[in-house]
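Single-structure report; data block below.
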């Protein structure tokens, strides 16, 4: 059985088909297409946010890795413990650099000590002024008696202390100058002086003790006998004497 459509029916079917396509296109462009665009935008946003998050995490990791180093560097200036041993090594360093001799020293620890600023070239002492330390800050105070060949070595000793990584305060200095030279044969005595040196620490941050800087210990002198000179490695004492001759 053959179904035949009249021209009128065919025209109606074509119109219905065109209408269906138009409705579908309208629904797609006005409803579905904007949703697809939003999905693409959201996808791009998610990708960019992931990249930004990865960058932030990388920066945070760098800062986290660099934080211990910065804490160690800060603790070289003001540690969370007295580090008296390191201060003693620093004093010995100043002694060697300035060709001076520390004849006596005494350590004491305090919280809000007085800072005395006096200097005298004739043995007299200037009036002292006191100032309280910030809350929680404590200090290690060292009373020193030092001998230097001349004023220049004294100055070098003080400069070495002031140039230390650790913050050090020279609170007092007193010395008596040598008498004026009246003859070439006059013997010049070493310059003896007393000074008070303080270094600071902040014990409230006890959690940072594991990040304390390591002691800056000088290398060993390789001496078996501290009263003899160092013999180079691989050289016997007899060879040492032959070299000296």
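Residue numbers (UniProt numbering): 1 to 245. Quick reminder that beta carbons are idealized off the backbone N, C-alpha and C, glycines included.
query	result
Contact check, residue 159 vs residue 100 under 8 Å by CB: the rounded distance?	With 8 Å as the limit, residue 159 and residue 100 do not qualify as a contact, their Cβ atoms being about 12 Å apart.
On a Cα-Cα basis, can you pick out the residue from 23, 7, 17 and 72 that is closest to residue 205?	72
Take the Cβ of residue 201 as the centre, count every other Cβ of all protein chains shown within 10 Å, and call the residue buried at 16 or more, exposed below.	buried
Beta carbon of residue 203, beta carbon of residue 81: below 8 Å?	yes
Using the beta-carbon count (16 or more within 10 Å), is residue 11 buried or exposed?	exposed
Does the segment 85-105 come into contact with the segment 40-49, if we say contact requires no fewer than three beta-carbon pairs (one atom in each stretch) closer than 8 Å?	no
Output the boundary residues of the beta strand (DSSP E) element that contains residue 139.	138-148
Starting from residue 201, trace the beta strand (DSSP E) both ways and give me its first and last residue.	191-201
Decide if residue 198 is buried, meaning its Cβ has at least 16 other Cβ atoms within 10 Å, or exposed.	buried
Report the rounded CA-to-CA distance for residue 143 versus residue 196, giving the unit in angstroms.	5 Å
Looking at C-alpha atoms only, which residue of 87, 93 and 98 is the closest neighbour of residue 109?	87
Using alpha carbons as the reference points, say which of 167, 168 and 147 lies closest to residue 176.	147
Helix, strand or coil for residue 12? Go by DSSP, reduced to three states.	helix
When DSSP labels each residue in this structure, what does residue 100 get in the three-state scheme?	coil
Closer than 6 Å by C-beta to residue 41: which residues in its own chain qualify, once you throw out the five before and the five after it? Chain order, please.	none
Got a sec, what are the start and stop residues for the alpha helix (DSSP H) residue 158 sits in?	151-162
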